[in-house]
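Number of protein chains: 2
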Amino acid sequence: MERELLLLGLLRQGAMHGYQLHDFIERNLAFCTDLKKPTAYALLDKMQANGWVVVREAREGNRPYKRVYSLTPAGEEAFQRLLRENLGAFIAAKTGSDIGLAFIDVLPKAEALQLLNQRRAAVSAQLAEFEAVPQHQGSYQLLIDHQLHYLRSELQWLDEVIAHIRSRRHVLRRHGERM
Amino acid sequence: MERELLLLGLLRQGAMHGYQLHDFIERNLAFCTDLKKPTAYALLDKMQANGWVVVREAREGNRPYKRVYSLTPAGEEAFQRLLRENLGAFIAAKTGSDIGLAFIDVLPKAEALQLLNQRRAAVSAQLAEFEAVPQHQGSYQLLIDHQLHYLRSELQWLDEVIAHIRSRRHVLRRHGERM
DNA sequence: TCTTGAATAGTCAAAGTTGACTAGTCAAAA
DNA sequence: TTTTGACTAGTCAACTTTGACTATTCAAGA
Numbered sequence: 177m178e179r180e181l182l183l184l185g186l187l188r189q190g191a192m193h194g195y196q197l198h199d200f201i202e203r204n205l206a207f208c209t210d211l212k213k214p215t216a217y218a219l220l221d222k223m224q225a226n227g228w229v230v231v232r233e234a235r236e237g238n239r240p241y242k243r244v245y246s247l248t249p250a251g252e253e254a255f256q257r258l259l260r261e262n263l264g265a266f267i268a269a270k271t272g273s274d275i276g277l278a279f280i281d282v283l284p285k286a287e288a289l290q291l292l293n294q295r296r297a298a299v300s301a302q303l304a305e306f307e308a309v310p311q312h313q314g315s316y317q318l319l320i321d322h323q324l325h326y327l328r329s330e331l332q333w334l335d336e337v338i339a340h341i342r343s344r345r346h347v348l349r350r351h352g353e354r355m
Numbered sequence: 177m178e179r180e181l182l183l184l185g186l187l188r189q190g191a192m193h194g195y196q197l198h199d200f201i202e203r204n205l206a207f208c209t210d211l212k213k214p215t216a217y218a219l220l221d222k223m224q225a226n227g228w229v230v231v232r233e234a235r236e237g238n239r240p241y242k243r244v245y246s247l248t249p250a251g252e253e254a255f256q257r258l259l260r261e262n263l264g265a266f267i268a269a270k271t272g273s274d275i276g277l278a279f280i281d282v283l284p285k286a287e288a289l290q291l292l293n294q295r296r297a298a299v300s301a302q303l304a305e306f307e308a309v310p311q312h313q314g315s316y317q318l319l320i321d322h323q324l325h326y327l328r329s330e331l332q333w334l335d336e337v338i339a340h341i342r343s344r345r346h347v348l349r350r351h352g353e354r355m
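These protein sequence lines map, in sequence, to chains A and B. Residues in the first sequence are numbered from 177 upward in steps of one, following the working numbering. Residues in the second sequence are numbered from 177 upward in steps of one, following the working numbering.
Structure representation (structure tokens):
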């Protein structure tokens with residue numbers, strides 16, 4: 177749903193190839209969304225079937241043909257609708273990263289702490305990466321700011337978890353656990 | 177990857193039907209992971225092929241047969257490996273909820289604010305829901321606490337965004353935009 | 001000049017995911 | 001008692017996603 181919105185929003189700024197769309201997303205929005213090349217083309221096909229985009233087969237010189245996608249009025253309408261739908265709603269993110277926490281009692285305290293510190297380093301590294309991104313103008317900066325806010329919040333939570341585990345008595349052995 | 181970990185972790189606490197596994201996840205962990213019934217069975221089939229679980233066809237009375245899954249030693253090994261892998265790494269969550277923000281400039285300021293306030297209400301409602309969950313014992317509480325932490329952080333960020341948009345000059349009209 | 005590697009553009013078969021279904025059991029209301 | 005609705009248990013065809021390809025162009029270095 178949001179991937180359609182994204183493709184429409186990009187096409188709104190001008191006609192593009194499927195390849196360019198995918199490439200832009202991969203380079204700039206990989207932290208937000210996940211859109212592999214074949215999926216991008218599949219969505220574009222569907223959007224074409226919906227009448228949201230039209231394709232023009234173009235060739236420059238004798239290079240192999242390329243398909244250039246551009247927005248139709250129906251596509252603009254869809255964009256407007258999807259944008260409002262997206263902004264007005266909130267869908268909580270789901271990492272699978274939490275699942276392990278549900279079973280952390282299985283591990284000896286020392287190993288649990290070692291692994292969580294390793295995880296903390298990973299969060300920290302991602303945070304440093306985003307802190308190094310130069311300021312952008314426009315609403316793209318919002319996305320970066322959100323990611324920064326999210327990563328800082330995760331880091332803070334992880335620190336709380338580590339402190340909590342550290343303060344606990346040594347965990348008892350359980351069924352099926354290696355010593 | 178984390179869904180296998182989850183299934184293995186649950187089966188570790190005792191043999192179960194595919195249906196019970198799915199049902200438990202749906203009821204208690206829907207905020208963390210997403211595992212539809214047919215996907216659960218597909219994963220169990222794969223795990224069986226891996227030798228991580230075994231199936232016993234059982235019937236009680238003359239009710240139709242049921243398949244009871246249980247962990248093998250190889251499954252326990254896989255669980256231990258996946259658990260360490262999961263805890264030691266961090267994979268940032270991806271909502272698609274952010275995509276809309278990238279295009280918020282398209283909307284008139286007033287409408288943008290109205291939609292963001294609607295979104296804020298949605299976050300607030302989810303937060304209230306989780307604040308109402310009674311305290312659990314054990315590491316399940318960690319998952320709840322994480323969700324609370326996450327939702328509070330999102331709410332705070334949204335408030336910053338709303339304040340930021342509010343403080344901005346009225347947005348200029350752009351290409352393709354309805355008046 | 002020729003080769004190599006990166007970038008551009010897209011495809012395909014295989015794998016994963018899911019909405020909608022079947023089918024039996026059970027408890028309670030009509 | 002029989003109908004209704006919820007619960008248990010699982011399946012299937014359709015749809016979506018993806019890893020791994022093909023094939024051309026282009027620039028740089030050997």
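Ideal Cβ placement from N, Cα and C applies to all residues, glycine included. Remember, it's a predicted structure, so these values are computed and weren't measured experimentally.
Check	Outcome
Segment contact, 8 Å Cβ cut-off, at least three pairs: the segment 266–284 of chain B with the segment 312–323 of chain A	yes
Three-state class that DSSP yields for Lys-212 of chain A in the structure shown	coil
Residues that Arg-215 of chain A contacts on chain B, provided the C-beta gap is smaller than 8 Å	The question names Arg, yet the displayed sequence has Thr at residue 215 of chain A. Those within 8 Å of Thr-215 of chain A in chain B number zero; the least Cβ separation is about 13 Å.
Length-filtered (3 minimum) beta strand (DSSP E) runs lying within the segment 196–276 of chain B	229–234 and 242–247
Beta-bridge pairing of His-312 of chain B - partner residues as DSSP gives them	Paired residues: none, contrary to the question.
Inter-stretch contact (C-beta, 8 Å, three-pair minimum) for the segment 192–207 of chain A and the segment 241–252 of chain A	yes
Any C-beta of chain A under 7 Å from that of Thr-248 of chain B	no
Given 8 Å, three or more beta-carbon pairs between the segment 197–209 of chain B and the segment 257–268 of chain B	no
Burial state of Ala-288 of chain A (16 or more Cβ within 10 Å)	buried
Residues bridged to Met-123 of chain A [DSSP beta-bridge criterion]	Here chain A comprises residues numbered 177 to 355, so residue 123 of chain A is not present and cannot be evaluated.
Within-7 Å CB hit, Phe-279 of chain B to chain A	yes
The segment 326–337 of chain A in contact with the segment 292–300 of chain A per 3-pair CB rule at 8 Å	yes
Closest by C-alpha distance to Tyr-217 of chain B, when choosing among B:Glu-180, B:Gln-256, B:Ser-300 and B:His-312	B:Glu-180
Own chain residues within Cβ distance below 7 Å of Leu-191 of chain A, not counting five before or after	Contrary to the premise, residue 191 of chain A reads as Ala rather than Leu in this sequence. Taken in chain order, the residues that qualify are Val-244, Tyr-245 and Ser-246.
Contact under 7 Å by Cβ, Gly-272 of chain A with Glu-178 of chain B	yes
Proximal chain A residues relative to Ile-275 of chain B, where beta-carbon distance stays under 7 Å	Glu-178, Leu-181, Leu-182, Cys-208, Thr-209 and Asn-262
Selection from B:Arg-344, B:Asp-274 and B:Ala-254 that minimises the alpha carbon distance to Gly-227 of chain B	B:Ala-254
Euclidean distance between Cα positions of Met-355 of chain B and Val-282 of chain B	Residue placement at Met-355 of chain B is poorly supported in this model, since its pLDDT is 39, which falls under 50; the coordinates still yield a value, given next. Their Cα atoms are separated by approximately 11 Å.
Rounded straight-line distance, which links the Cα of His-340 of chain B to that of Gly-390 of chain A	Given that chain A is displayed from residue 177 to residue 355, the structure contains no residue 390 of chain A and the question cannot be resolved.
Per-residue DSSP class, three states only, for Ser-329 of chain B	helix
Bounding residues of the alpha helix (DSSP H) (the contiguous stretch that carries Phe-306 of chain B)	285–307
Proximity test, Cβ basis, 7 Å: Arg-342 of chain A and chain B	no
Status (buried if at least 16 other CB within 10 Å, exposed otherwise) for Val-309 of chain A	exposed
Candidates B:Gln-224, B:Leu-183 and B:Val-229: closest to Lys-213 of chain B by CA position	B:Leu-183
Contact set for Leu-292 of chain B: own chain, Cβ-Cβ below 6 Å, skip 5 residues either direction	Ile-338
Under 9 Å by beta carbon: chain B residues contacting Val-337 of chain A	Leu-318, Asp-321 and His-322
Rounded C-alpha distance that separates Arg-260 of chain A from Cys-208 of chain B	26 Å
Within 7 Å, strictly: CB atoms of Thr-248 of chain B and Val-231 of chain B	no
Contacting residues, own chain, Cβ-Cβ under 6 Å from Leu-303 of chain A (five flanking each side not counted)	Leu-327
Nearest residue (CA-CA) to Leu-263 of chain A, options B:Lys-222, B:Leu-324 and B:Asp-274	B:Asp-274
From A:Leu-258, A:Ala-225, A:Arg-203 and A:Glu-202, residue whose alpha carbon lies closest to that of Gly-185 of chain A	A:Leu-258
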